[in-house]
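Only one structure is covered here, and it is reproduced in the block below.
Have a look at this one:
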């Protein structure tokens, strides 16, 4: 393993423990982006109402960028509600601020957060940890309730976006005002 791989592995190992993630080293498709070590991590994301598995892949692209993708597992999107999740992802992206990634619905109907980072961030591990772990997990945690309500069809996309906007603007939401 080269110097870059060693630095990245240290950041991953430290944060996998902090976020209670199970780390599985993968060398087979679809997790291989290059000859570098690639990782698949999994944890349970939960709040007072819901709990769902969150998976994360981290690797180095052929272009030398650190690539991360966080996604909910199993898939929560069906063809009939795909547009609602795309609209919600667009609304969630408005709140990302200094994050380098974005939310999207991919071709596999995963609701995910994807980010490409320069290897230069390995020299600033505090910012690298923020971009790889702190900020994406915080955003996913804030979105968990509206995502689950969209999944079950309990809420329209407008209601889910309203909830997220209120949470981001005020820092809290009274769930009872949303019927939960």
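Numbering (my numbering), first residue to last: 355 to 534. Cβ atoms here follow ideal geometry from the backbone N, Cα and C, with glycine treated the same way.
Asked	Found
N-terminal and C-terminal residue of the alpha helix (DSSP H) that residue 523 is part of	511-524
Whole-Å CB distance - residue 408 paired with residue 419, under 8 Å assumed	That belief does not hold up - the Cβ atoms of residue 408 and residue 419 are roughly 22 Å apart, past 8 Å.
Sub-8 Å separation of residue 411 and residue 394 beta-carbons	yes
Rounded C-alpha distance that separates residue 388 from residue 470	Interpretation of residue 388 is limited by its pLDDT of 46, a score under 50 that renders its predicted location unreliable; the figure taken from the coordinates is listed afterwards. Going by the C-alpha atoms only, they are around 14 Å apart.
Assigned exposure category for residue 438 - 16 Cβ within 10 Å defines buried	buried
Beta-bridge partners of residue 470, as assigned by DSSP	421
8 Å Cβ cutoff met for residue 502 and residue 465	no
Residues near residue 497 in its chain [Cβ-Cβ closer than 7 Å; skip 5 each side]	446 and 518
Nearest-angstrom Cα separation, counted from residue 435 out to residue 510	10 Å
Boundaries of the alpha helix (DSSP H) in which residue 495 is found, first to last residue	489-506
Range of the contiguous beta strand (DSSP E) that encloses residue 458	456-459
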